[in-house]
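1 is the number of the first residue of the first sequence in this note's numbering; add one for each residue after it.
Here is the structure we will look at.
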Amino acid sequence: MTKVRVRYAPSPTGPQHVGGIRTALYNYLFAKKLGGDLILRIEDTDQGRFVEGAEEYIVESVKWCGFDFDEGVHKGGKFGPYRQSDRKEIYVKYANQLIDEGKAYYAFDSSDDLNAKRSEAEAEKKTFKYDAFTRGGMKNSLVLSAEETKALLEAGEAYTVRFKMEPDQNIVVDDMVRGNVSFNSSELDDKIIFKSDGMPTYHLANIVDDHLMEISHVIRGEEWLPSAPLHVALYAAFEWDSPKFAHLPLLMKPTGKGKLSKRDGDIGGFPVFPLEWTDKASGEVFKGYKEEGYSPEAFLNIMAFLGWNPGTEQELFSLEELVEAFDISRVVKSGAKFDPDKARWFNQQYLWKKSDAELAEELAEELAKQEIVNQVDLEKVAAQMKERVVFTKDIIDAAPYFFVSPSDFDQKSVKKKWKDHSAELVNNLTALFEDVEDFTSLVLETKFKAYLEENELGFGPAMIGLRLAITGMGGGPSLFEIAEILGKEETMDRLKTNVSKIEAFKLELAS
RNA sequence: GGCCCGUUCGUCUAGGGGUUAGGACGCCAGGUUUUCAUCCUGGAAACAGGAGUUCGAUUCUCCUACGGGCUACCA
1 MTKVRVRYAP
11 SPTGPQHVGG
21 IRTALYNYLF
31 AKKLGGDLIL
41 RIEDTDQGRF
51 VEGAEEYIVE
61 SVKWCGFDFD
71 EGVHKGGKFG
81 PYRQSDRKEI
91 YVKYANQLID
101 EGKAYYAFDS
111 SDDLNAKRSE
121 AEAEKKTFKY
131 DAFTRGGMKN
141 SLVLSAEETK
151 ALLEAGEAYT
161 VRFKMEPDQN
171 IVVDDMVRGN
181 VSFNSSELDD
191 KIIFKSDGMP
201 TYHLANIVDD
211 HLMEISHVIR
221 GEEWLPSAPL
231 HVALYAAFEW
241 DSPKFAHLPL
251 LMKPTGKGKL
261 SKRDGDIGGF
271 PVFPLEWTDK
281 ASGEVFKGYK
291 EEGYSPEAFL
301 NIMAFLGWNP
311 GTEQELFSLE
321 ELVEAFDISR
331 VVKSGAKFDP
341 DKARWFNQQY
351 LWKKSDAELA
361 EELAEELAKQ
371 EIVNQVDLEK
381 VAAQMKERVV
391 FTKDIIDAAP
401 YFFVSPSDFD
411 QKSVKKKWKD
421 HSAELVNNLT
431 ALFEDVEDFT
441 SLVLETKFKA
451 YLEENELGFG
461 PAMIGLRLAI
471 TGMGGGPSLF
481 EIAEILGKEE
491 TMDRLKTNVS
501 KIEAFKLELA
511 S
């Protein structure tokens, strides 16, 4: 069996959205599962749409996800160059071969001519198609004499090269996820394979490169399925073996209709890009999963499961496990809508797998970013908070009291739980804690419980007052743990100063 | 319009001629918990519709509907 070689071949027209990343991922998984290579090829044959930085963005995104290409524009390889704009002469050669063999022809029709034909057809509620039935009425080398054609060419007349699609043929695309898909070639038109600007179109460049780069399998989005018969016909015209195809289901907008597109930038509160991207022209910033706080492992897992599943109940997969489990025949056929809730759940699963030290490091970075001064043991904070957050940065919002004394207090709790005797109770407990030398969760809790028992008081009601005074909030991790993390000085300080604030707030609420 | 692809809980999906149609997310209820979260238990929730084939169709076939893609000198 020949070596498995697959490629991811994006067009550098902007940042790759999640659909593109998923395509790259599936290519990678497919290749690695079979011991093959993944190639990155840049399809920049449309010079007008080239966007600065798009190429680098792809490489960076994939690297962030934790994998890489084996060959490509960023690292070279035996089959280079890997940028189509650097391969111009190659395409000219192959286009000429097809012309010489009578399988393609020069077309001199101007855009205006073509548009006129189209509107003419439209008036009759038809669609103009440049094909076996109409090409005879157009201005091309099939109609013109050899001398006329030569004269036009020598005069520098603009021309394109069209592939001569033979009618009445059944073209079958053997697709690894969809099975055989057949097309009647009479439905197809004579596609332009070489543009008047001296560049090939996608179709020519794509199959020439796939052949020259010895690509064994073409795994791409479903939007390419309609042009697959053209590609099959092109391979046949060159008498080359066609690679095997797999057309992946599209990723759909989570709300509304249609496939996910770059313009969706940040639809329904979730990003469609792996990494943040700033559009240089408009200055518009598109959010990225990385910047939103997703871990690469979670993101990768999410991508893998949009359109594929292992057939078991396991949902959490590392990259290595994905390689092991991946099977292209298990790719689903229908388009998938992205579920932000499920994405959050995935991230949470990976967050829980992280050690407290790891989380503490991330938390420190986040605090620095937000310019928050920290004086506590972040590992302990992470240990207490990890089960209540989805993203590391959530810890700061969920428990600001670890970093700053509360300035306001949870209205609902104060209203419902702060009673007339609460202030006195908290003050008594404050006095009690004043004597504690070894200010640990265990000691504090023991003291607290003993006090309650002595005075025949309930655990809950007493606790809420303390919690309000120390954290300002109605919920959170064990209060004694919080006190230990904060330390005696800070805890006592809050207990002493915040009771009167709560009292004042309570009064304010009553009026 | 034409061609092509698709359609199982709200979402991602498993399954496949005879199943109580399974799981996950989310949602709801109960339990645990000082609170919140976690955790545990339970619950609601789906085979687009119609014909046909068959003893039997969610599964196979056809039609319809709906969704999607393509229909450029864009990829």
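Cβ atoms here follow ideal geometry from the backbone N, Cα and C, with glycine treated the same way.
So what does DSSP say about residue i, is it helix, strand or coil?
| i | result |
| --- | --- |
| Ile215 | coil |
| Trp418 | coil |
| Glu187 | helix |
| Gly140 | In the sequence under discussion, the amino acid at residue 140 is Asn, which differs from the Gly named in the question. Asn140: strand per DSSP, three-state reduction. |
| Val6 | strand |
| Gly72 | strand |
| Arg41 | coil |
| Gly221 | strand |
| Thr440 | coil |
| Trp64 | helix |
| Leu34 | coil |
| Asp175 | strand |
| Asn206 | helix |
| Asn309 | coil |
| Thr278 | strand |
| Pro200 | strand |
| Val404 | coil |
| Lys259 | strand |
| Gly288 | strand |
| Pro81 | coil |
| Leu425 | helix |
| Phe531 | Since the displayed the chain opens at 1 and closes at 511, residue 531 lies outside it and no answer follows. |
| Pro167 | coil |
| Leu251 | strand |
| Phe50 | coil |
Output the boundary residues of the beta strand (DSSP E) element that contains residue i.
| i | result |
| --- | --- |
| Ser182 | Gly179 to Asn184 |
| Leu248 | Lys244 to Leu248 |
| Val161 | Thr160 to Phe163 |
| Phe338 | Neither: Phe338 is in no beta strand (DSSP E) and is coded neither H nor E. |
| Phe194 | Ile192 to Phe194 |
Report the option in the options whose CA atom is closest to the CA atom of residue i.
| i | options | result |
| --- | --- | --- |
| Pro167 | Lys129, Thr45 and Thr160 | Lys129 |
| Ile193 | Asn184, Ser185, Ser186 and Leu204 | Leu204 |
| Lys506 | Asp420, Asn455 and Leu425 | Asp420 |
| Phe30 | Glu424, Val443, Lys244 and Glu60 | Lys244 |
| Phe238 | Lys93, Ser422 and Leu468 | Lys93 |
| Asp131 | Tyr105, Lys78 and Glu508 | Tyr105 |
| Phe402 | Val414, Gln384 and Lys416 | Gln384 |
| Gly487 | Lys195, Ser196 and Leu444 | Leu444 |
| Lys415 | Arg263, Phe133, Ala504 and Arg41 | Ala504 |
| Leu188 | Pro200, Gly475, Arg178 and Lys164 | Lys164 |
| Gly311 | Ser295, Arg330 and Gln370 | Arg330 |
| Leu466 | Asn206, Pro406 and Glu456 | Pro406 |
| Val285 | Val272, Pro296, Tyr294 and Glu89 | Val272 |
| Phe326 | Gly307, Tyr57, Leu452 and Pro340 | Gly307 |
| Pro477 | Lys380, Ile21 and Phe433 | Lys380 |
| Lys449 | Thr440, Ala233 and Phe459 | Phe459 |
| Tyr235 | Ile171, Asn184, Tyr289 and Trp277 | Ile171 |
| Gly66 | Ala24, Gly53 and Tyr91 | Ala24 |
| Gly514 | Ala146, Ala123, Arg118 and Thr127 | Nothing about residue 514 can be reported from this structure: the residues present for the chain run from 1 to 511 only. |
| Lys280 | Gly20, Phe50 and Leu509 | Phe50 |
| Arg220 | Ile328, Ala123 and Gly293 | Ile328 |
| Tyr289 | Ser422, Val62, Tyr28 and Gly48 | Val62 |
| Thr2 | Leu34, Ile21 and Phe409 | Leu34 |
On the DSSP letters alone, give me the boundaries of the alpha helix (DSSP H) that residue i sits inside.
| i | result |
| --- | --- |
| Pro12 | Here Pro12 belongs to no alpha helix (DSSP H), and DSSP marks it neither H nor E. |
| Ala493 | Ala is not the amino acid found at residue 493; the sequence shown has Asp there. Lys488 to Ala510 is the extent of the alpha helix (DSSP H) around Asp493. |
| Lys125 | Looking at the DSSP string, Lys125 is not in any alpha helix (DSSP H), and its letter there is neither H nor E. |
| Tyr235 | Ala228 to Phe238 |
| Lys150 | Ala146 to Glu154 |
Query raised in the report: For the region 345–393, which segments carrying the alpha helix (DSSP H) assignment without a break, of at least 4 residues, lie completely within its bounds, in sequence order?
Result: Complete alpha helix (DSSP H) runs here, min 4: 356–369 and 378–385.
Query raised in the report: Mind pulling the beta strand (DSSP E) runs of 3 or more residues that sit fully within the region 89–118?
Result: Counting only runs of 3 or more residues that sit fully inside the region 89–118, the beta strand (DSSP E) segments are 104–107, in chain order.
Query raised in the report: Would you call the region 342–355 and the region 381–389 in contact, with 3 or more CB pairs under 8 Å?
Result: yes
Query raised in the report: Counting Cβ pairs, one atom from each stretch, are 3 or more of them under 8 Å apart for the region 129–146 and the region 154–168?
Result: yes
Query raised in the report: Counting Cβ pairs, one atom from each stretch, are 3 or more of them under 8 Å apart for the region 284–302 and the region 310–323?
Result: yes
Query raised in the report: Do the region 370–377 and the region 326–340 meet, that is, are 3 or more Cβ pairs less than 8 Å apart?
Result: no
Report task. Determine contact between the region 40–47 and the region 4–20, defined as no fewer than three beta-carbon pairs at a distance below 8 Å. Result -> yes
**Report entry** Start-end ranges of the alpha helix (DSSP H) lying completely within the region 438–484, minimum 4 residues
**Finding:** 441–454 and 459–471
Query raised in the report: If you pair each beta-carbon of the region 487–499 with each one of the region 462–477, do three or more pairs fall below 8 Å?
Result: yes
Requested in this report: Flag this pair as touching only if the region 205–216 and the region 172–189 have three or more C-beta atom pairs under 8 Å; answer yes or no.
Outcome: no
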